[in-house]
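A quick write-up on the structure given underneath.
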Amino acid sequence: MSIEVANLVFNGSYLAILGAAIAALAGIGSALGVGIAGEAASGVVAEDPKKFGQALILQALPGTQGIYGLLIAFIILQKIGMLGGSGLMDLSIPQGAYIFAASLPIGLIGIFSGHAQGKAAAAAIMLISKRPEEIAKGMVYTAMVETYAVLALLISFLMVNGVQI
Amino acid sequence: MSIASMKKLSVIGLASEKEALMKSLMRLGVVEITTQEGKMTDEEWGKLVFQDGNESAVSEYEGRLMTVQQALDAFSKYGTEKNPLFQTRKPVSRSDFDNKLKEKEKIEAEAKEIASLSARILELNTEANKVEANKLALLPWKDYDIPLEVQGTKETEIALGVIPSAADIKELERDLKEKTERCVLEHINSDTEQHYLFILYLKSERNEIEEVFKLYGFTRSMFSDLKGSVASNIEAYDKRLSDIAEEKEKVIEEIKSHQDSREDIEYLHDSLIIERDQAAIRSRLLLTKKSFYLEGWVPKIAQEEVEKLLNDHGCYYEIESPSKDEDTPILLLNGKFSSPFEAITKLYALPNSREIDATPYFSLSYAIFFGMMLSDAAYGLILTIATFAVMKKFRLEGMAKQLINMFFYCGISTIFWGAMFGGFFGDMVAVIARTFFNSDIALKPLWFEPMQDPMRLLYFSFLLGGIHIFLGMALNAYLSIKDGRVLDAVFDIGLWYLLLIGLALLLVGVAAPLAKWMSIIGAVGILVTGGRHKKGIGKIIGGFTSLYGITGYLADVLSYSRLLALGLSTGVIGAVVNTMGSLAGGGVKGFIVFVIVFIIGHTYNMLINTLGSFVHSSRLEYVEFFGKFYEGGGEAFDPYSEKTKYIEILREDK
Chain A
1 MSIEVANLVF NGSYLAILGA AIAALAGIGS ALGVGIAGEA ASGVVAEDPK
51 KFGQALILQA LPGTQGIYGL LIAFIILQKI GMLGGSGLMD LSIPQGAYIF
101 AASLPIGLIG IFSGHAQGKA AAAAIMLISK RPEEIAKGMV YTAMVETYAV
151 LALLISFLMV NGVQI
Chain B
1 MSIASMKKLS VIGLASEKEA LMKSLMRLGV VEITTQEGKM TDEEWGKLVF
51 QDGNESAVSE YEGRLMTVQQ ALDAFSKYGT EKNPLFQTRK PVSRSDFDNK
101 LKEKEKIEAE AKEIASLSAR ILELNTEANK VEANKLALLP WKDYDIPLEV
151 QGTKETEIAL GVIPSAADIK ELERDLKEKT ERCVLEHINS DTEQHYLFIL
201 YLKSERNEIE EVFKLYGFTR SMFSDLKGSV ASNIEAYDKR LSDIAEEKEK
251 VIEEIKSHQD SREDIEYLHD SLIIERDQAA IRSRLLLTKK SFYLEGWVPK
301 IAQEEVEKLL NDHGCYYEIE SPSKDEDTPI LLLNGKFSSP FEAITKLYAL
351 PNSREIDATP YFSLSYAIFF GMMLSDAAYG LILTIATFAV MKKFRLEGMA
401 KQLINMFFYC GISTIFWGAM FGGFFGDMVA VIARTFFNSD IALKPLWFEP
451 MQDPMRLLYF SFLLGGIHIF LGMALNAYLS IKDGRVLDAV FDIGLWYLLL
501 IGLALLLVGV AAPLAKWMSI IGAVGILVTG GRHKKGIGKI IGGFTSLYGI
551 TGYLADVLSY SRLLALGLST GVIGAVVNTM GSLAGGGVKG FIVFVIVFII
601 GHTYNMLINT LGSFVHSSRL EYVEFFGKFY EGGGEAFDPY SEKTKYIEIL
651 REDK
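Chains A and B are the protein sequences, given in the same order.
Take the first sequence: its position 136, counted from the start at 1, is 136 in our numbering, and no numbers get skipped.
Take the second sequence: its position 170, counted from the start at 1, is 170 in our numbering, and no numbers get skipped.
Put into structure tokens, the structure is as follows:
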């Protein structure tokens, strides 16, 4: 039993899939962030239903971390052959471990930056409740947070892309 | 191009010409008339002139406008006409405009009627809310069948009330019985928050009972103004609610029956706005017994027309250039390509009158960045066609027009970059060919596919970023030189150019010896000159902190990696959608699944990435580019003109 489990866990393909799963965890951050922004948006729209569109735009901003996570997960799955007809490849343990490591930046930073961006988006929504004409500034403040998710996406992507299979 | 140069205008005219002149000025709509309150406190001016103005007329117009606006709001709320996607002003000649308003009184009476109908709906809604609240308060008591006006008999008293749901009814009953046997407790209802109780006791024992009540937090519910049983009251409330709903329906129908006059009322609204503004502008004029005085701003390009008008009205005027550090109102004038991007500038802040309008310098890079981030020819095509259709269909003005036009150009740029990188609905062509036709046709990129060679695109992004930042720095240098601070331009920009270009060349490994010396001279120069505005030890520390600013440039350049990341994101998510669609395989069933997944997935991908591209292009301009030279903070040029909302009165060609 224990040998079977060890074989399963210390197995290149499994590690790679685990990596894809971790990358997709970035969605946690987006879920939190979009949720926080949504609460603020409902509060503002309760006062002025006309702000629905503007608030929705701001609410959508923290949603990108989930997409970035999905993106890396997808690239990993494609790389190891889980998508498409070729079937799951047999990876060596180092290969799997490299892919696992490569998934960490977007997986972790996605969670925290999504959460933080959600708070910034909520504040931006409060901003448009008072000054709807300043939406661009609110958007830029919110996008400042996203920079770090973009950097994490980039580094995860370059790492996954660089692993030789 | 860029910021329109403004001239300062001062006019003295005969009071008898005042009204006619103000009317013509409004129609011309190119003069901003400034407030003269400052002059009134000046002793010499104060002796000569007094302030014109007619506040009561203004507030009367405001009141009438409010009524008319209520009528129009009622139409958009209750009317059957669809509200258009974009609100546009209808172009109308002046004679048509005047003709429409011949029966102004009649239209206004109608507007008043509609406004009162709309107010009636508000009243009904308030009442309905109140009735609803009363009904909700009664609902828990619906099983209590003693008429509510019965509050006891000669000897007994009824207490209706609630205790918190945490309290135990049994214990309350036991405690009551302990005090006196002669009381009755009945449990009427319970909800998550409280228990509803009926308690009957002797008036003579009221004090003892009250003690127990206090212990359990018993609160009496008051129904003092209600008669009859609870059930009959609820029924009455229901009846009232349905009556209200019915009456509301009727009122709405009546509003709808007036719908044909909506346009007339819009005309009225705009004519009231014009009249109000004509009354309001008077507070900016100064008067003597027989003459008036006004000051304002006029753009240089409109100077001739204004002069002609002033001559026609026999006014004495002076037009002079503002002094160098005087704040003038800002009017942006740009070419056909750049002017839509003014929207982005305005969303940040208008330039102040001492700097330059950034718009012409970033419009191209904005379009390029947007295109690279969306980077899908099909999405670009959709964006281009959609914005083009909107431009053709609606007569847009102002900000909306600029934004739509801007997205049109951005769409074209997206098509270009999509073609360069081979994105058309992600990898749709290849997936369809593979899934349904078993062939391996794919759309070949004109340049290269970012997925295959991401580093190349990353370097290209950095290169673009470097150029962009250098342009920003060059503008900073230009502003310094224009301001007469040549040394600042050399030390703060020139030395950095040396250092940064040197480092970049070293990194790439070109012209190494020259690059090395460029870097060294640049770095040493910055170290020496960086603290030149400081005193004492600050001169040394200032140099180091200036040189430390190199991390800022590094971060700025790295920031452009989002061009690659967001571009990849569009392409890969598009590919995910296509792959998901193709999972059902070929054949008719597979095709149907593909179409459904395709439409939903790509709509979502396009929307979210268009938003992302808009936001991140703006960010690159605002933070990385504007940060280098732009201050902002100018006031918009606000000419005295016909600021109508629904009708655009066309200028007559003479």
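Ideal placement from N, C-alpha and C gives every residue a C-beta, glycine not left out.
Residues of chain A with a Cβ closer than 9 angstroms to the Cβ of H602 of chain B do not exist; the shortest Cβ-Cβ separation is about 14 angstroms.
Assignment of T156 of chain B by DSSP, reduced to helix, strand and coil, places it in the strand class. Straight-line spacing of the CA atoms in L197 of chain B and R220 of chain B works out to 9 angstroms. DSSP, read as helix, strand or coil, puts C410 of chain B in helix. Looking at B:E17, B:A515, B:F626 and B:D73, the one whose alpha-carbon comes closest to that of A349 of chain B is B:F626. Under the DSSP assignment, N609 of chain B falls in the alpha helix (DSSP H) whose first and last residues are G587 to R619.
Residues of chain A whose Cβ lies closer than 8 angstroms to the Cβ of S617 of chain B do not exist; the shortest such Cβ separation is about 10 angstroms. Around Y348 of chain B, the beta-carbon contacts reaching into chain A at under 8 angstroms are A136 and K137. Legend: CB atoms of the region 553-567 of chain B lying less than 8 angstroms from CB atoms of chain A belong to residues L558, S559, S561, R562, L564, A565 and L566. Looking from the CA of D143 of chain B, the closest CA among B:K401, B:S232, B:K170 and B:A111 belongs to B:S232.
At the C-beta level, A123 of chain A and H616 of chain B stay beyond 8 angstroms of one another. The way I'd put it, the region 484-497 of chain B doesn't touch the region 379-399 of chain B; fewer than three beta-carbon pairs between them come closer than 8 angstroms. R174 of chain B sits exposed, since fewer than 16 C-beta atoms from the chains shown fall within 10 Å of its C-beta. Annotation: G114 of chain A has no Cβ neighbours in chain B at a cutoff of 8 angstroms; minimum Cβ distance is about 14 angstroms.
The beta carbons of S375 of chain B and T570 of chain B sit closer together than 8 angstroms.
Residue contact with chain A for Y366 of chain B: absent (no Cβ-Cβ distance below 8 angstroms to any residue of chain A).
Chain B has no Cβ within less than 8 angstroms of the Cβ of F52 of chain A.
Partner residues in a beta bridge of W45 of chain B, as assigned by DSSP, do not exist. From the listed residues A:Y68, A:N7, A:S2 and A:P49, the smallest Cα separation to L108 of chain A is found for A:Y68.
Taking 4 residues as the minimum length, the alpha helix (DSSP H) runs contained wholly in the region 198-252 of chain B are 206-216, in order along the chain.
Taking the C-beta atoms as reference points, G38 of chain A is found nearer than 8 angstroms to Q59 of chain A. Within the same chain, I128, P132 and I135 come within 7 angstroms of Q54 of chain A by CB-CB distance, once the 5 residues on both sides are set aside. Residues of chain A with a Cβ closer than 8 angstroms to the Cβ of L611 of chain B are, in chain order, I57, A60 and L61. Going by C-alpha positions, L294 of chain B is about 7 angstroms away from R284 of chain B. G161 of chain B has B:L197 and B:R220 as its beta-bridge partners, per DSSP. Here F112 of chain A has G29 as same chain residues with Cβ atoms under 8 angstroms from its own Cβ, once five neighbours each way along the sequence are excluded. Put simply, the CB of V431 of chain B is far from chain A, with every gap to its CB atoms at 8 angstroms or more.
The beta carbon of I526 of chain B sits closer than 6 angstroms to those of L495, S546 and L547, all from its chain and outside the five residues before and after it, given in chain order. Under DSSP, M6 of chain B takes part in a beta bridge, and its partners are B:P299. Listed in chain order, the non-local C-beta contacts of L347 of chain B below 8 angstroms within the same chain comprise S618, local neighbours out to five positions each way being set aside. For the C-beta of I67 of chain A, the chain B residues within less than 8 angstroms are, from N- to C-terminus, S569, I573 and I608. Contact between G110 of chain A and A26 of chain A is confirmed by a C-beta separation of about 2 angstroms, below the 8 angstroms threshold. At a Cβ-Cβ threshold of 8 angstroms, C410 of chain B and G371 of chain B count as neighbours.
Non-local C-beta neighbours of G63 of chain A in its own chain, meaning closer than 7 angstroms and more than five positions away in sequence, comprise S30 and V34, ordered along the chain.
In this structure the region 147-156 of chain A touches the region 560-567 of chain B; the number of beta carbon pairs closer than 8 angstroms is three or more. In summary, the residues of the region 572-601 of chain B whose CB is separated from some CB of chain A by less than 7 angstroms are V572, I573, V576 and T579, in the order they occur in the chain.
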